[in-house]
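A.B. asks: What follows is a single structure, and I will ask about it in a moment.
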Amino acid sequence: MATHIGENAEAADRVAFMKDGRIVAEGHPEELKRRYIRESIIDVKLAVKGLKALELLRGFAINGRVMETDEGYRVFVEEPERAMPRIIERLNASGYRVLEINASTPTLEDAFFKMTGSPLG
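Using our numbering, you'd call the opening residue of the sequence shown number 193 and step up by one each time.
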């Protein structure tokens, strides 16, 4: 099976990541997540997304790694408990309304993004 949908790939026994037509990693989904995701992830949902919000979030992220999602952003951080209140404060001070913020479990899409710098799809 070939898919660009991370949820479908999570159910597989073995997954291969491809970039530019070449296999760049393969293994069990849990193995790939452990191998490529060492940090925590914060999901941030805003009333309105914007370039300034993305830049602010990059300031909190490890190596500036922030992935834009349909509903907001996924921010790769070391200590989510410390980062979340500061993120809320900075976004609010910049005029953004935070609708939801929480720490989340890494997905295969997160592992692919960390490895390649590109979202699935």
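By construction, the Cβ of each residue, glycine as well, lies at the ideal position given by its N, Cα and C atoms.
Excluding the 5 residues preceding and the 5 following residue 216 in the sequence, name in chain order all residues of the same chain whose CB lies nearer than 8 Å to its CB.
C.D. replies: Result list for residue 216: 209, 210, 307, 308, in chain order.
A.B. asks: Of all the options 311, 310, 302, 245, which has the alpha carbon lying nearest to the alpha carbon of residue 233?
C.D. replies: Nearest of 311, 310, 302, 245 to residue 233, Cα basis: 302.
A.B. asks: Does the pairing of the region 241–248 with the region 261–281 give three or more beta-carbon distances under 8 Å?
C.D. replies: Output reads yes: the region 261–281 touches the region 241–248.
A.B. asks: Using a Cβ-based criterion (distance less than 7 Å to any ligand heavy atom), does residue 255 qualify as near the ligand GDP?
C.D. replies: Because no ligand of any kind appears in the structure shown, any question about the ligand GDP cannot be addressed here.
A.B. asks: If you draw a straight line from the alpha carbon of residue 235 to that of residue 212, how long is it in whole angstroms?
C.D. replies: Rounded to whole angstroms, residue 235 to residue 212 spans 28 Å at the Cα level.
A.B. asks: Can you name the start and end residues of the beta strand (DSSP E) that residue 254 belongs to?
C.D. replies: Residue 254 -> no beta strand (DSSP E), and no H or E assigned at all.
A.B. asks: Where does residue 205 fall in DSSP's three states?
C.D. replies: If DSSP states are grouped into helix, strand and coil, residue 205 belongs with coil.
A.B. asks: When burial is assigned at 16 or more other CB atoms within 10 Å of the CB, is residue 240 buried or exposed?
C.D. replies: Per the 10 Å Cβ criterion, exposed.
A.B. asks: So residue 241 is in the beta strand (DSSP E); what residue range does that whole segment cover?
C.D. replies: Neither: residue 241 is in no beta strand (DSSP E) and is coded neither H nor E.
A.B. asks: When you compare each of 221, 203, 205 to residue 304 by their alpha carbons, which one comes out closest?
C.D. replies: Measuring from the Cα of residue 304, the nearest candidate turns out to be 221.
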